[in-house]
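Here's the structure we're looking at; comments come further down.
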Amino acid sequence: MAAVDPLTPPHGAKVSVKRKPVLSWAGALKASFTKMDPRVQVRNPIMFVVYIFFFFMLLATFLPGLFPDLAGVGYDPMYYLSITIILFVTLWFANVAEALAEAQAKAQADSLKEVRSGLMARQILPDGTRRWVPSSHLHSGDHVEVRPGEMVPLDGDVVQGGAVVDESMMTGESEPVVRESGGDKTSLIGGARVLQGIVMVRITAEPGFGFLDRMIRLVEGTTRDKSPNEVSLTILLTALTAAILVVIVSLAYLLGFRYPSLFNLGTIIALVVCLIPTTIGGLLSAIGISGVNRVSKANVIAKSGKAVEAAGDLDVLILDKTGTITVGNRLAVQFLPTNGVDLTQLMKAAINSSALDDTPEGRSIIRLAGLKGVLPDRIDVQKTRVIPFSPERKMSGLVTPEGAEYMKGATSAIETYAGGFPDDLALKVRDVSSGGKTPLAVCLNKKVLGLVVLKDVVKPGIKDRLRELKMMGIRTVMCTGDNRLTAAAIAAESGVDSFIPEAKPEQKMSIIQQEKAQGHLVAMSGDGTNDAPALARADVGLAMNSGTSAAKEAANMVDLDSDPTKLIEVVSIGKQLLITRGALTTFSITNDVAKYFAIIPAIFVGFAGISSLNLMELTDPKLAVLSALLFNAFAIPLLIPIAMRGVAFHPATAVELLRRNLTIYGVGGLVSAFVGIKVFYLALSYLFTDPAFMAVSEMVRGAILGL
Amino acid sequence: MSTGEHAQVHPVRPALVFLSLLILLAGLAYPGLATGVAPYLSDVTSPGSSGGAIHSGPNGTSYSGYLGENITCAYRANLSTCPYRALFWTRPSEADYQPFSGAGNESPYGPTDPALRNETLFYINATGPFNSSNPCGIPLELVSDSASGLDPDVSVCGALVQIPRIAHFSHLTERQLQDLVNANIQGSGVPYIGAKYVNVVELDMDLIALVSSGGTG
Amino acid sequence: MIELSTLPDVILTILLVIFLARALGLYLSKVFMGRPSLLDPIMVPFESALMRLMGVDPDHQMKWKEYAVALLSLNAAGLIFAFLLLTFQGGLPLNSLGAPGMSWDLALHTAASFTTNTDFQHYVPEQQVSLLSSMLGLLVLMFLSAATGISVMVAFTRGFSRRDGSIGNFYFDVTQAFTRVLLPLSVLGALLFILAGVPQTLTQSVTIYPWTGGAQTIPLGPVAAWDGIEFLGTNGGGFYAANAANPLQNPSAVTNLISVVLMLLIPFASPFMFSRMVRREQEARPLLATILSIFLLGLFLMIFFQSSNPFLASTGVSQSGGYLVGAEQRFTLPESALFQVTSIYSNTGATSMALGSLTPGAQIDLFWGMFLQCVPGGDGTGFGMLLINVILAIFVGGLMVGRTPEYLGNKIGKHQMKWAAVTILSHPFAILIPTAITFVFGLASFSGGTAAHQFTVVLYEFTSESANNGSGMSSLNDNTLFFNLAGTIVMLVGRYLPIIAMLAIGGSLASTDPAPPGPGTLKTNSATFTIYLILFITIVTGLLFLPVLVMGPFAQGALGGP
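Protein chains in written order, with this note's numbering: chain G, -6 to 700; chain S, 26 to 242; chain R, 106 to 667.
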């Protein structure tokens, strides 16, 4: 490779792109036709039955001579042609559903591919020289340098430097994040764009196996193996289809031999197609694909569809306190002066000690005092000596140029530092601690003035979400490093079901194993390397994108927004996926009841009692059959939105959910089919009395008969 | 798996042993034992029932209290030649009340077979001339097949409706015949269980006895 | 219009059944969990001797395949034995009425029929079966088939609560079913029947000389003993051709009610046994409610449809006692209907009415019971069928609450679905394919009837055989090579496919990880689920069988077909 300027990209090289998924309607439309390929159709046993019957009807319509018995038994070219067309439309609708879901996925995948293809990267060779290579030439272990305006070519870890990174390519809209070497924020995702700073990155993925690629593969469906419930449902639907086939084929034979005058091949085939569960059959794969789509829209990369489905089954969520249940920082809520000290005096000392403390705790002290009208003294920053916080010291503060020494910190540390602690204050410390809050002692010139009470603040809205989880029957376990008292207070305030205090990250593993041994399905989120084994063991492990590569590797889902509460959303999506399948199956089955009432009277015309079954008063048998068949076909596109979006899911108890979905999709399926068939029937009756239509129809009839 | 450690039992020997046990216990001991106690038990409630409730009638005849006899003229076009014209009739029977015949006892007609209607009308015709005045109407069972072809019973109404005919062909009054029917009304023997019915075989034996005793009862 | 004076005893009988079934369910659970129970002092020494003789360790726990092989072997042995007995009965003792040896196809059909708890009779028992065949062959098979059914249910039940893949020991189960349940209860039943007047003798016939002239041969035998196991075992093969319509077999309304209680006893005890064995006693409720509500609806419809036949209205005949063509006069309409619905819905198949004569609505009612097979269905297998229906219903329902469907702490996955699907498929296959073949190839001959009636009769034949019911409509000449062979196949498929499926599902449930029910689990012990289950079973079954019903009984309801 020619030597290149290591700092500026070679002319014309792509180092960054903008991504915006564009749904290709044309592509979906085209796919809906290419899916007519028998090799594609055979994968869906239910629609394959329709497929076979479509060709059968096509032959019967245009070459009735191939079926010698047909001429005498109700062969009607227009009727047969209509059935043939509706069968085709049914197949096509099912293809459209699948193609749309896939197109949605593909739009995401394409925009991701855009990022990947032809991207150039600045590789750092072992001898320190830099050269430009296509990102596809990089391997795990290689080092690259990324400068502002350039994209990270592949997943990797920052080994040197730090940068502000824009991950919106992956996450859509999130704020820039900081990535730096050392610590837990080293991980970079392929496709992220550096805004500021220069980083040296060690590539951790092989080309084609990064997150980007995994996401592409998932949404493209190449790794989308059928999830367990989808397999079971397919078995059920196939069995139902086979049973209906046997029922109707034997009925056809019996009719043909017992009541030859009633036998009509077209009607029989229409009956089969109406009764087999084409609605759910045609939408089944679309439901699965869009379930995964919805997860990726939530900015979560699921490594398999199975993981998404498993999320619906979860019984136990293990949540970290910090960042998930609480905002992650303690905030000052109260000042408690010791006896003989004025409140204002304490507040003054507290804000002075925090004047140069840029931690959220420090800022919250200043804010709280500010609310009470106390402002910090003006401090000459240049001449002030800052005593920063350190884990060993457990306190921080500053020494003013005048020599005043403001300190605040853990009560034990302050006690040692000040060489004593007022008795009344020691009591208050105990009170505060037992309330789950954290006391900070404040002193001026080694004289203890009082306490600042810090409190973990529960995230807004978390209470409601935890309540929803409870309603769904999911138990939440909070893991925290805090002591029991603090943990209990937070647990009570947030509504979490149980908590594990003084937990080390390694302990999560044993908790997961315990729960799993009892048969529970467990989910957890995590970001650290020491979370990795637990993430791998959990049924659903959600790694934070901000976390280490090890954590992301071990988890079966990665949240690009690094929001631990995403688990809750993932649970909802998983449940929605299952509910959508169940609801549409129910819809399909109850539809059949109405279809029977349309077609059975149409078949057995002349059986005197049969008119009592003709609830919809469909007087023309052929139009009745066509109406049922049309309703059957149009149920698919009408339900595509539900399949893609998922059935509306509100957290409720299982029995309530069953009742609601039975009412909406069971009773609804029954009623809508009765109404729908009647509407189609009225429309067709109108059409078939229209002189213009009749003229065209006669021409077509003549043309077919002339063949 | 702990369950897999045992060698699987070869299934033939236990099958044969168990089958032999069944033959001994279920095939021999069980019916044998029941037969042994049957006479004693049935004596408690209805003597002789364990042997088929065979009772002797007059003149060396015998009958089973459970079974009907072919006493009907419903098949005949001409009543005057029928020996049973002055007797109560049992229901029509495809089997002619032959308990050994077994097969074909049931009516071969479905519920909406025109042949069924014709047959019903035929029976009504045959039994009809004498019962038009009866408030019961012609009860269906009197003109239709039973399930067994051996049913000895008709409803009380089914007996009462025949009285005008019997009175016509015998010299008994309708009142006497009514008393006879009323005396023959049976039930299951347990209150609230079973229909009220008349056993025609027994009723006719009483009728014959009444006639031969001079009709004074 | 309807004769309802005996409705109270019909209702009381059903209440009595539930009361007795509850106690029996408790007893059954003790027996099959190996807990101490009533008959231990008498039976334990006997059973352990039997186990030694069989060379079986009753504690050895079988996987489902081993269980199935043991079960099928024993059933095969019984079938072969009865086949030989029936084929050669002509030359064997205890044959004073001179029953000839059966043709091979009839013997095969009969042996298969009694082995599969169907008890369909293509022959006239009075003339074609010797006392020896009745006792050593058919009586034995009636015990064997009932014991087999109970074993299957017990093994299936164990699958729900076990985790080691085992479902019990077949030899233990079948022995207990015989010694602890069927034998003692049959003896009790037989004694009650004798008390109530059912003949019981080893004399094969008696001759009477009726005053109408001539001599009549009355066939007799161990009728009370036969009745005992015929009803308790939900077998339903008649000692006489007319079965429970024959006054010798069912002489009074009292014996009629005893028969009903015996038929329902074990099927209604099953949910109670099940719920105790899976240690969730509340779970008996939705299952019992499902059985009871569909059963009672069937009974109500039977009484309703039999209350009169409008087709005969123009003849002027009085139907004040109900439509009594093909009914016996000693029973009231509600009593006849109770017996008939009980017998068909429990897949016993005994008849106290002439089924071909019933009104079209009543015929549909009986078809319905056989299509469902599980309300309550035959001993053991009927309840197993109900559980398979529950699995299917809970699968769709479970999805609708957003979880992988689970029942009693077991996830329902593809293994269970596969076998449940096979079971659901087997019934329409076994009924409709042979029915279509019969008509397409013109293989049936009839002693009369309209086209629609003849269709009904053939449909009934195969439905009854596939459901292992055994009742039939008489106008079909069914002792032919075709009906004997087709019937044998249909009965074997209708019996053993579901049995294998039940054992396989039990085995696969026992091999899955537990899924302890939590607050998010769909509560199966709830009114919502019960109603859903009833609707699910009704709609799915209705979808599969409505068209053929239209061609048969429906068409009869019209003008006898077009």
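Think of the CB as a built atom: it goes at the ideal place given N, C-alpha and C, for glycine as much as any other residue.
Using only CA atoms, which one of G:VAL445, G:ARG458, G:ILE505 and G:VAL563 lies nearest to SER295 (chain G)? The sequence shown places Ala at residue 295 (chain G), not Ser. When only C-alpha atoms are compared, the closest one is G:VAL563.
What first and last residue would you give for the alpha helix (DSSP H) that runs through GLY647 (chain R)? 632 to 654
Could you give the DSSP three-state label for GLU744 (chain G): helix, strand or coil? The question about residue 744 (chain G) has no answer, for chain G in this structure spans -6 to 700.
Cβ neighbour criterion (16 or more within 10 Å) applied to MET692 (chain G): exposed
Selection of the segment 422 to 443 of chain R by Cβ proximity to chain S, strictly under 9 Å: VAL422, SER423, GLN424, SER425, GLY426, GLY427, TYR428, LEU429, VAL430, GLY431, ALA432, GLU433, GLN434, ARG435, PHE436, THR437, LEU438, GLU440 and SER441
Is it right to say ILE303 (chain R) is buried, meaning 16 or more other beta carbons lie within 10 angstroms of its own, or is it exposed? A quick correction: the sequence has Val, not Ile, at residue 303 (chain R). Buried.
Coarse secondary structure for ALA210 (chain S), derived from DSSP in three states: In the sequence under discussion, the amino acid at residue 210 (chain S) is Ile, which differs from the Ala named in the question. It is a strand residue.
Using a beta-carbon distance cut-off of less than 8 Å, what residues from the segment 672 to 699 of chain G approach chain R? none
Fully enclosed by the segment 414 to 467 of chain G, which alpha helix (DSSP H) runs are 4 residues long or longer? 416 to 427 and 455 to 464
What does GLY625 (chain R) touch in chain G if you count any residue whose Cβ is under 7 Å from its own? ASP308, MET465, GLY466, ILE467 and ALA647
If you measure beta-carbon to beta-carbon, which residues of the segment 394 to 414 of chain G are closer than 7 Å to chain R? none
Anyone know if the C-beta pair for THR308 (chain R) and GLY333 (chain R) falls short of 9 Å? no
Stretch pair the segment 365 to 384 of chain G + the segment 285 to 293 of chain G: three plus CB contacts closer than 8 Å: no
If the cut is a Cβ gap below 7 Å, which residues of chain R does GLN702 (chain G) touch? Outside the displayed span of chain G (-6 to 700) sits residue 702 (chain G), for which this structure offers no information.
Do GLN123 (chain S) and GLN321 (chain R) have their beta-carbon atoms positioned less than 9 Å apart in this structure? yes
Can you look up THR377 (chain G) in the DSSP assignment and give me helix, strand or coil? coil
Would the segment 450 to 470 of chain R count as touching the segment 341 to 351 of chain R if we require 3 or more Cβ pairs under 8 Å? yes
C-alpha gap between PHE124 (chain R) and THR221 (chain R), whole angstroms: 29 Å
Considering only the beta carbon of each residue, do LEU244 (chain R) and PRO83 (chain S) sit closer than 9 Å? no
Would you say GLY29 (chain S) reaches chain R, if we count a Cβ-Cβ gap shorter than 9 Å as a contact? Note that GLY29 (chain S) has pLDDT 44, beneath the 50 cutoff, so the model's placement of it is unreliable and no number is given.
Report yes or no: is there a C-beta of chain S within less than 9 Å of the C-beta of ASN351 (chain R)? yes
Have a look at the DSSP bridge pairing and note the partners of GLY390 (chain G). G:ILE380 and G:MET400
Cross-chain neighbours of SER631 (chain R) in chain G, by beta carbon under 8 Å: VAL648
Assuming contact is defined by CB atoms lying nearer than 9 Å, are THR541 (chain G) and ASP150 (chain G) in contact in what I supplied? yes
Proximal residues of chain R, C-beta to C-beta of ALA482 (chain G) below 8 Å: Chain R residues near ALA482 (chain G): none, gap ~25 Å exceeds 8 Å.
In terms of alpha-carbon separation, which member of G:MET50, G:VAL89 and G:ALA87 lies closest to TYR73 (chain G)? G:MET50
Of all the options G:LEU528, G:THR573 and G:ALA591, which has the alpha carbon lying nearest to the alpha carbon of LEU560 (chain G)? G:LEU528
Min CB distance ILE48 (chain S) to chain R below 9 Å: yes
Where TYR109 (chain S) falls: helix, strand or coil (DSSP): coil
Neighbour list for THR568 (chain R) in chain G, Cβ cutoff strictly below 7 Å: Neighbours of THR568 (chain R) on chain G: none; closest Cβ ~13 Å, over 7 Å.
Helix, strand or coil: which one does DSSP assign to THR319 (chain G)? strand
Out of G:ALA543, G:ALA548, G:ASN538 and G:ARG423, which one is the CA nearest neighbour of ASP556 (chain G)? G:ASN538
Hey, does LYS519 (chain R) have any beta-carbon neighbour from chain G nearer than 9 Å? yes
With a floor of 4 residues, list each alpha helix (DSSP H) that falls wholly inside the segment 405 to 488 of chain R, ordered by position along the chain. 438 to 450 and 465 to 477
Using a Cβ-Cβ cut-off of less than 7 Å, give me the residues of the segment 313 to 338 of chain R that come near chain S, in sequence order. ILE313, TYR314, PRO315, TRP316, THR317, GLN321, THR322, ILE323, PRO324, LEU325, PRO327, ALA329 and ALA330
Three or more C-beta pairs below 8 Å linking the segment 508 to 524 of chain R and the segment 219 to 228 of chain G: yes
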